[in-house]
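Chemist: This note's numbering puts the first residue of the sequence shown at 1, with every later residue one more than the last. Dumping the structure here so I can ask a few things about it.
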Amino acid sequence: MSDQHKVTVELGTRAYEIHIGSGVLARAADYIAPVLSRPKLAIIADANLAESHLPVLQATLDNAGIAHDSYLVPAGEASKNFTQLAALSEWLLGQKIERNDCIVALGGGVVGDLTGFAAAILRRGTRFIQIPTSLLAQVDSSIGGKTAINTPSGKNLIGAFHQPDLVLADMDVLKTLPPREIGAGYAEIVKYGALGDAAFFAWLEENGADVLALNEAAMAQAVAKSCEAKAAIVARDERETGERALLNLGHTFGHAFEALTGYDNRLLHGEGVAYGMVLAFAFSAARGDCPEADAARVTAHIAASHLPSTMAEIGDGQFAASALIDTMRQDKKVQNGKMRFILAHGLGDTFIADNVHEDELRAFLLAQGAQDA
């Protein structure tokens, strides 16, 4: 099948393409071969894909005469750590991967982030390709060159900007995902409408159920629209010195809940972002920055999409306001010791707020159900 969509991330001589459609993985070598300096690469794959998607990629590379070896990363957010990074880097060196060779990341955001960071530091920068297999990775983490690992201090605090050479998003692989994973990825799609495209948000209110049900046309449209939105922002602000920070809508709140639940299966990243958006709009409304009606629409759509819209739905529902705020102080957007939030004037109209006082944040969190501790 032909691509349904192609999006270009315009970064001058480092521009790259995102190919979106059905059957893309089975034809991956057709896209990969033109970007290789020699017919050799290394594949870093989520261990859960060893019996499903990895053989499909290996077969297309074999047919094209492209040599490859594979390294499996244990599934889950816990793999984004120094231990896994060190092991992966040593393996890549053992494979004699050169600076102009390509490393392929086959998996969700965890594998993409870990592989991208390894590529960024290996020989001071090696090329890599993203083949995202989760919806969240297809619409967000595989695009834009943000790579990182987690530490006990917080999520994605050690990393680098390192752009891929190619992104391949196959709609067919989404059919193998459980509904919860689709929902987590859908939250990032909602984010693009909420932060800068009110018309897209309205389209999602009408068509979101079809996207979540994996209707091929609706899903391809939603993924392409999301990729176009992110590509445009990345092209204008690659290293997040301004506008790109808006892509963190919901993340400051969401990352705090992820950290306090230990990055485990109680809260997927996209679920944290979903509730984070609810809080960002509710906080904006409480401050008088955003109409209550817009905040209510965000909450209603998140809830209708079977994503967490209340604190009680996360973990055991017990979170101390002080612990949440302490975690937010480690957010990457902090400048000169001051927390910065992505807040909203309304649907599709977000801004960076650096005038948030901890007392008002604490009062808000308590009103949302946090404990006074």
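Positions of the beta carbon are idealized from the N, C-alpha and C atoms, including for glycine.
Mark N48 as exposed unless 16 or more other C-beta atoms lie within 10 angstroms of its C-beta, in which case mark it buried.
Modeler: The residue in question, N48, is buried, as its Cβ has 16 or more Cβ neighbours within 10 Å.
Chemist: State buried or exposed for L366, treating a residue as buried only when at least 16 other CB atoms are found within 10 Å of its CB.
Modeler: Its Cβ having fewer than 16 others within 10 Å, L366 is exposed.
Chemist: Per the contact definition of three or more C-beta pairs closer than 8 Å, is the stretch 182 to 200 in contact with the stretch 267 to 280?
Modeler: As far as the Cβ criterion goes, the stretch 267 to 280 touches the stretch 182 to 200, which means the pair count is three or higher.
Chemist: Do you know how far the Cα of D359 is from the Cα of T133?
Modeler: Between T133 and D359, the C-alpha separation is close to 41 Å.
Chemist: Please report how far the alpha carbon of T310 lies from the alpha carbon of Q368, in whole angstroms.
Modeler: C-alpha separation (whole angstroms): 8 Å.
Chemist: Can you find the residues in the same chain that come closer than 6 Å, C-beta to C-beta, to I18, ignoring five residues on each side of it along the sequence?
Modeler: Only V7, V167 and C227 meet the Cβ criterion.
Chemist: If L347 sits next to F201, beta carbons under 8 Å apart, how far is it from one beta carbon to the other, in whole angstroms?
Modeler: About 5 Å; that satisfies the 8 Å criterion.
Chemist: What separation, rounded to the nearest whole angstrom, lies between the Cα atoms of A231 and N63?
Modeler: One C-alpha to the other measures close to 32 Å.
Chemist: For S2 and S22, what's the separation of their Cα atoms in angstroms?
Modeler: Per-residue confidence for S2 stands at a pLDDT of 49, beneath the threshold of 50, marking its modelled position as unreliable; no derived number is given.
Chemist: Nearest to A217 by alpha carbon, out of N336, C102 and D170?
Modeler: That would be D170, whose Cα lies nearest to the Cα of A217.
Chemist: What is the DSSP secondary structure of I44, reduced to helix, strand or coil?
Modeler: Three-state result, I44: strand.
Chemist: What are the residues that DSSP puts in a beta bridge with D197?
Modeler: According to DSSP, which records beta bridges pairwise, D197 is partnered with nothing at all.
Chemist: Quick check on L249: does DSSP put it in helix, strand or coil?
Modeler: Note: L249 maps to coil in three-state DSSP.
Chemist: In the DSSP assignment, the beta strand (DSSP E) including N150 goes from what residue to what residue?
Modeler: Per DSSP, N150 belongs to the beta strand (DSSP E) from K146 to T151.
Chemist: From the DSSP output, read off the bridge partner residues of K338.
Modeler: Note: K338 sits in a beta bridge opposite Q335.
Chemist: Is it true that the CB of L177 sits closer than 8 Å to the CB of L106?
Modeler: Against a cut-off of 8 Å, the Cβ pair of L177 and L106 comes out as no contact.
Chemist: Please work out which residues of its chain come closer than 6 Å, Cβ to Cβ, to A303, disregarding the five sequence neighbours upstream and downstream, and give them in chain order.
Modeler: Cβ neighbours of A303 beyond the five flanking positions: S309.
Chemist: Roughly how far, in whole angstroms, is the beta-carbon of G112 from the beta-carbon of A137, given that I think they are within contact range, below 8 Å?
Modeler: Indeed, because the Cβ distance is near 5 Å, the residues count as touching under 8 Å.
Chemist: Out of V9, I131, W91 and G144, which one is the CA nearest neighbour of A118?
Modeler: Ranking the options by Cα distance to A118, first place goes to W91.
Chemist: Our contact map puts H162 next to G145 with C-beta atoms below 8 Å; I'd like the distance itself, whole angstroms only.
Modeler: Contact flag correct, Cβ pair sits at about 5 Å.
Chemist: With respect to the beta strand (DSSP E) encompassing C102, which residues constitute its N-terminal and C-terminal limits?
Modeler: Run containing C102: C102 to G107, per the beta strand (DSSP E) assignment.
Chemist: Under 8 Å, do I189 and A220 count as touching if we go by C-beta distance?
Modeler: No, they are not a contact pair.
Chemist: Taking all protein chains shown into account, do 16 or more other C-beta atoms lie within 10 angstroms of the C-beta of K96, making it buried, or fewer, making it exposed?
Modeler: The residue is exposed, with fewer than 16 neighbouring Cβ atoms inside 10 Å.
Chemist: Out of R239, E10, D172 and G12, state which residue places its alpha-carbon closest to the alpha-carbon of Q4.
Modeler: Among R239, E10, D172 and G12, the Cα nearest to that of Q4 belongs to D172.
Chemist: If you count every other CB in all the chains shown that lies within 10 Å of the CB of R99, and 16 or more means buried, which is it?
Modeler: Counting Cβ neighbours within 10 Å, R99 comes out exposed, since fewer than 16 surround it.
Chemist: Considering only residues of the stretch 156 to 243, which uninterrupted alpha helix (DSSP H) runs meet the minimum length of 4 residues and lie entirely inside it, listed in chain order?
Modeler: Runs found: 179 to 196, 198 to 212 and 216 to 236.
Chemist: Tell me whether P164 is buried or exposed, calling it buried when 16 or more other Cβ atoms sit within 10 Å of its Cβ.
Modeler: Classification for P164: buried.
Chemist: If you draw a straight line from the alpha carbon of K175 to that of D289, how long is it in whole angstroms?
Modeler: If you take the alpha carbons of K175 and D289, they lie about 40 Å apart.
Chemist: Distance, Cα to Cα, K40 vs I149?
Modeler: So the alpha carbons of these two residues sit roughly 26 Å apart.
Chemist: Taking just the CA atoms, how far does K155 sit from A283?
Modeler: Per the sequence shown, the amino acid found at residue 283 is Phe instead of Ala. Near 22 Å, if we compare the C-alpha coordinates of K155 and F283.
Chemist: Return the bridge partner residues of H19 from the DSSP annotation.
Modeler: DSSP, once it has assigned bridges, lists K6 and L168 as partnering H19.
Chemist: What residues match up with I131 in a beta bridge as DSSP calls it?
Modeler: Answer by DSSP bridge pairing, in chain order: L106.
Chemist: State the Cα-Cα distance for the pair G12 and G272, rounded to the nearest angstrom.
Modeler: Their Cα atoms are separated by approximately 34 Å.
Chemist: Output the distance between the C-alpha atoms of G315 and D30, rounded to the nearest integer angstrom.
Modeler: Roughly 44 Å separates the two Cα atoms.
Chemist: Which of the three DSSP states is assigned to Y275 in this structure?
Modeler: Note: Y275 maps to helix in three-state DSSP.
Chemist: Buried or exposed: which applies to R236, given that a residue is buried once 16 or more other Cβ atoms fall within 10 Å of its Cβ?
Modeler: R236 comes out exposed.
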